[in-house]
Amino acid sequence: MIAKALKGKVFKGLTWGRAGAHALLLFLVLIWTLPTVGLLVSSLRDKDQLAISGWWTALTTTERTEVFRLPKSDAQVEENGRFVIRGELFKQGSNRTIISFGASANSLDEAKPGDTIPLRDNGDISVSINGAYEWVSQTGFTHTRGPRLFYEAGIPPTFSLENYFEVMTSQGIGRSFVNSFTVTIPATIIPILIAAFAAYALAWMSFPGRGWIVAIVVGLLVVPLQMSLIPVLRMYNTIANITGGDSKTYLGVWMAHTAFGLPLAIYLLRNYMVGLPREIMESARIDGASHFKIFTTMVLPLSFPALASFAIFQFLWVWNDLLVATVFLGNTESTLVLTGRLRELLGSRGNNWEILTSGAFVSIIVPLIVFFSLQRYFVRGLLAGSVK
Amino acid sequence: MLEQLLNAAFTVTIGVGAALAYFWGSNWLLDRFLLAGPNVSLSQSIRVDRARSSIRPWLFLAPALLFLSVFLVYPVFETLRLSLMDSNSQKFIGLSNYIWAFQDPGFLQSIFNNLLWLLVVPAAATALGLLIAVIADRLWWGNIAKSLIFMPMAISFVGASVIWKFIYDYRGVDTEQIGLLNAVVQGMGGTAQAWITLPIWNSVFLMIILVWIEVGFAMVILSAALRGVSEETIEAARIDGANDIQIFFNILIPQIMPTIIVVWTTITIKVLKVFDIILAMTNGQWDTQVLANLMFDWMFRGSDFGRGSTIAIIIMLAVMPIMIWNIRQANKEEGTR
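Residue numbers (our numbering), protein chains in the order written: chain A, 9 to 396; chain B, 108 to 444.
In structure tokens:
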């Protein structure tokens, strides 16, 4: 009896708990994804619509008040004793509709599509739902400046890659995309090689001072980058002064990124290599294989997961970095990386969301692809780097 | 542009080639010239062998040590020296920069904000990460959820700033709001605000961005730790009549405490170093300045290397306790190996 009651209670609690857990997690997932979804949706919207309505209304028709100046009198044609000026309020194929129109800003709701209203200058005008207007007068038009027509337009949802074209070409994002790759690829590959050798020495060779070097590497893991900026910048300036070259070069930024990535690389790789089976190493040593041979033919291939983890870390870190690139590469057209460009656009085009959203999406798409396709290695690296 | 990419590819080849040539070549040289000849005594041969094996590790380590010393170790001491110099690093001025710092309203503001960030961000990110890890591990779609929540980790701080600036966007009183936050606030009957210019609250809105990025990190690490907690302990507690809440606080939390500390300290360090978000969102305006951005400001716009270095040293001092603790832990492990 008691057991049964208990069971019922537990079961009930469990279903409630389950439903609550589903709801809570769904809520959190929404908070975590909606911002990025909003960015993507916005980047594909028409820039006029983007400026006046939230992205969550992207699938509905938006309304917008617009003004059109009617043509001068020389556009008139005479038909059956009447004088007519015809035209279109909308561009061909825009799929826009007229919701209402009027002769002044205050009388926007004066007429519905198909109605006819008098214009102050002369004659009557009618506008059909697709924006075609017909302005008719019994006497000839003589005005030299067309009157204005006010209307409420319904803009249907449209999605296009237009914003992307704009940012890639005229806003410099395309150029920065190339610059980002130029910085990232060498800055990812070179530290791996240097760190792998060092990690092997720290894991499998015994020599005095090894413990000290490991401790220093662990310490350097958390040294803030800010400590290095000024001295290294001064060093680059001095070298540039002596050689007469430029202090802000790709070479400089590659070397800086290599150095800043090394502590984590050595730490991760060493921890991984230490865990490789001792027997294999020892039997290879007994067979007369040199350290160099063991390293290149056995340790490197076996360490592939750790190498991949670090490569992803370093790639994401360098691609997403703003500080090192700004300090050591500068802000000129030929060197501005994506993060720097985006930051510049935030300052200069802060309200042009069509540029910012598409620009931001271009900058995050590469890391997102890397991240989702190689998430397994990324997670493994995170765990190896943090939990000890 | 093509030329530039080719240049980069060329550098990769040269860089990798040079590194390989160095490692291979130095090894070869070592084996070649420190070779025991055919007619040497056993003791001589042993001596040569020993010399070789005491040199080889340093050949493997040399490039790494060179990079680490030039770009990380030397700068620590150099920054310390520069912090005692004037703005052009010409004249020794003692502790003047430090005295300046603690009287400068901008600096004090930054310290205050940094403390606020340190209080809020690691706690919020760790707690949310733990919550999500606990929930997601019990639901069938938990892995998808975790993957989505993890995603912001791949996004740059600047990219995240654009994403969130769009959410906080404000468009005057009478216009339709296109920022999600203001739309929600209006939908619930409130008034739209220019959130980014509202002191104290704006700092919170910037912190949300970092929390949004870091929760994924906390979640992944804590989720792995939770899986390491033995089923038997939990079973035993359940038999003893403990409910879910009790199990969570009395068994799970204490068992994964070391991991929680690691997550907490890692995020703490990130908080101390974060500057991109502030630079991109407000550039320190409306009382949002933090140390890392202030340092950048003095270094570039102020071109005062003395003050910039001083601020860097203060960030370093804040990181120091964590650094020492980490080294101790590492040494302890080394001892048990």
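For every residue, glycine included, the Cβ atom is placed at its ideal position computed from N, Cα and C. Owing to the predicted nature of the structure, the values given are computational and were not obtained by experimental measurement.
Could you give the distance in angstroms between the alpha-carbon of residue i and the alpha-carbon of residue j?
i: N171(A); j: F273(B); result: 16 Å
i: L22(A); j: F356(B); result: With a pLDDT of only 47 at L22(A), under 50, the local geometry of the prediction cannot be trusted, and no value is derived from it.
i: I10(A); j: Q362(B); result: Confidence is the limiting factor: at I10(A) the pLDDT is only 40, short of 50, which leaves the residue's position unreliable and the question unanswerable from this model.
i: F76(A); j: E118(A); result: 16 Å
i: P306(B); j: V280(B); result: 20 Å
i: S342(A); j: L235(B); result: 42 Å
i: W302(B); j: W308(B); result: 7 Å
i: Q284(B); j: L225(B); result: 32 Å
i: N390(B); j: D404(B); result: 9 Å
i: Q396(B); j: G213(B); result: 7 Å
i: L401(B); j: L215(B); result: 11 Å
i: A125(B); j: S291(A); result: 31 Å
i: I262(B); j: I384(B); result: 12 Å
i: G95(A); j: E87(A); result: 15 Å
i: T73(A); j: D123(A); result: 18 Å
i: P259(B); j: W271(B); result: 12 Å
i: P126(A); j: G110(A); result: 9 Å
i: L169(A); j: G269(A); result: 36 Å
i: A273(A); j: L308(A); result: 14 Å
i: D394(B); j: W361(A); result: 25 Å
i: F379(A); j: V327(B); result: 14 Å
i: E342(B); j: Q353(B); result: 13 Å
i: L390(A); j: N438(B); result: 21 Å
i: N199(A); j: I121(B); result: Looking at the sequence provided, one finds Pro at residue 199(A) rather than Asn. Spanning the two alpha carbons is a distance of roughly 14 Å.
i: F19(A); j: A204(A); result: Legend: pLDDT at F19(A) = 39, less than 50; position of this residue unreliable, value from coordinates given subsequently. Whole-angstrom Cα-Cα distance: 54 Å.
i: G62(A); j: L116(A); result: 24 Å
If you check the beta carbons only, do residue i and residue j fall under 8 Å apart?
i: V37(A); j: A325(B); result: no
i: F382(B); j: A267(A); result: no
i: L187(B); j: I431(B); result: no
i: P313(A); j: R388(A); result: yes
i: G154(A); j: Q84(A); result: no
i: I239(B); j: I218(B); result: no
i: T417(B); j: S190(B); result: yes
i: R349(A); j: S184(A); result: yes
i: Y275(B); j: G286(B); result: yes
i: D129(A); j: V144(A); result: no
i: V322(B); j: A232(B); result: yes
i: W371(B); j: P229(B); result: yes
i: M281(A); j: A207(A); result: yes
i: F412(B); j: S196(B); result: yes
i: L241(A); j: V123(B); result: no
i: V332(A); j: M423(B); result: no
Give me the DSSP bridge partner(s) of residue i.
i: A267(A); result: Answer is none; A267(A) lacks a bridge partner.
i: M192(B); result: F199(B)
i: W110(A); result: The residue asked about is misnamed: residue 110(A) is Gly in this sequence, not Trp. DSSP, once it has assigned bridges, lists F158(A) as partnering G110(A).
i: G95(A); result: Y141(A)
i: P126(A); result: D132(A)
i: E71(A); result: G162(A)
i: A119(A); result: F109(A)
Determine, for residue i, whether the minimum Cβ-Cβ distance to residues of chain E falls below 8 Å.
i: Y181(B); result: No chain E is part of this structure, whose protein chains are labelled A and B.
Does the stretch 80 to 94 of chain A come close enough to the stretch 304 to 318 of chain B that 3 or more CB-CB pairs lie under 8 Å?
-> No: fewer than three Cβ pairs fall under 8 Å.
Given 8 Å, three or more beta-carbon pairs between the stretch 203 to 218 of chain B and the stretch 255 to 263 of chain A | No, they do not touch.
Proximal residues, the stretch 221 to 255 of chain A versus chain B, C-beta separation under 9 Å = Within the stretch 221 to 255 of chain A, the qualifying residues are I221, V222, A223, I224, V225, V226, G227, L228, L229, V230, V231, P232, L233, Q234, M235, S236, L237, I238, P239, V240, L241, R242, M243.
Count the CB pairs spanning the stretch 131 to 140 of chain B and the stretch 183 to 202 of chain A that are closer than 8 Å, and state whether there are at least three.
-> Too few Cβ pairs lie closer than 8 Å, so no.
Members of the stretch 123 to 152 of chain A near chain B, C-beta cut-off 7 Å | Taking a C-beta cut-off of 7 Å against chain B, none of the residues of the stretch 123 to 152 of chain A qualify.
Check distances from the C-beta atoms of the stretch 378 to 391 of chain B to those of chain A and list, in chain order, the residues that come in under 9 Å.
-> Cβ proximity to chain A below 9 Å picks out L379, K380, F382, D383, L386, A387, M388, N390 from the stretch 378 to 391 of chain B.
Could you run through the stretch 175 to 187 of chain A and flag, in chain order, every residue whose CB is less than 7 Å away from some CB of chain B?
-> Of all residues in the stretch 175 to 187 of chain A, R183, V186 have a Cβ within less than 7 Å of some Cβ in chain B.
Should the stretch 103 to 111 of chain A be called in touch with the stretch 129 to 139 of chain A, which here means at least 3 C-beta pairs below 8 Å?
-> Taking one beta carbon from each stretch, the stretch 103 to 111 of chain A and the stretch 129 to 139 of chain A have 3 or more pairs nearer than 8 Å; the two touch.
Are three or more beta carbon pairs between the stretch 164 to 179 of chain A and the stretch 56 to 75 of chain A nearer than 8 Å?
-> Between the stretch 164 to 179 of chain A and the stretch 56 to 75 of chain A there are three or more inter-stretch CB-CB distances shorter than 8 Å, so the stretches are counted as touching.
Chain B contacts from the stretch 45 to 71 of chain A (Cβ-Cβ distance under 8 Å) = Of all residues in the stretch 45 to 71 of chain A, G46, L47, S50, L58, A59, I60, S61, G62, W63, W64 have a Cβ within less than 8 Å of some Cβ in chain B.
Give a yes or no on contact between the stretch 159 to 175 of chain B and the stretch 214 to 223 of chain A, applying the rule of three or more CB pairs nearer than 8 Å.
-> The stretch 159 to 175 of chain B is in contact with the stretch 214 to 223 of chain A.
Counting Cβ pairs, one atom from each stretch, are 3 or more of them under 8 Å apart for the stretch 366 to 380 of chain A and the stretch 314 to 329 of chain A?
-> The stretch 366 to 380 of chain A vs the stretch 314 to 329 of chain A: in contact.
If you measure beta-carbon to beta-carbon, which residues of the stretch 304 to 317 of chain B are closer than 8 Å to chain A?
-> Cβ contacts with chain A come from no residue of the stretch 304 to 317 of chain B.
Taking Cβ-Cβ distances below 9 Å as the criterion, which residues of the stretch 268 to 280 of chain B are in contact with chain A?
-> Hits within the stretch, in order: S268, V269, I270, W271, K272, F273, I274, D276, R278.
Identify each residue in the stretch 391 to 420 of chain B for which the Cβ-Cβ distance to at least one residue of chain A is less than 9 Å, and report them in chain order.
-> For the stretch 391 to 420 of chain B, the set of residues with a beta-carbon nearer than 9 Å to any beta-carbon of chain A comprises L398, A399, M402, F403, M406, F407, F412, G415, S416, I418, A419, I420, in chain order.
Residues of the stretch 187 to 207 of chain B with a CB closer than 7 Å to any CB of chain A: list them in chain order, please.
-> Sequence-ordered contacts of the stretch 187 to 207 of chain B with chain A read L189 [C-beta pairs closer than 7 Å].
Using a Cβ-Cβ cut-off of less than 9 Å, list which residues of the stretch 313 to 334 of chain A approach chain B; keep chain order.
-> Listed in sequence order: L324, W327, N328, D329, L330, L331, T334.
Residues of the stretch 338 to 360 of chain A whose Cβ lies closer than 7 Å to any Cβ of chain B, in chain order = Interface annotation for the stretch 338 to 360 of chain A against chain B: T347, L350, R351, L354, criterion Cβ-Cβ distance under 7 Å.
Residues from the stretch 147 to 166 of chain B in contact with chain A, defined by Cβ distance under 8 Å = For chain A, the residues of the stretch 147 to 166 of chain B that bring a beta carbon within less than 8 Å of one of its beta carbons are S160, S161, R163, P164, W165, in chain order.
Contact set between the stretch 190 to 205 of chain A and chain B, restricted to residues whose Cβ is under 7 Å from the partner | Of all residues in the stretch 190 to 205 of chain A, T190, I193, P194, I197, I198, L201, I202, A203, F205 have a Cβ within less than 7 Å of some Cβ in chain B.
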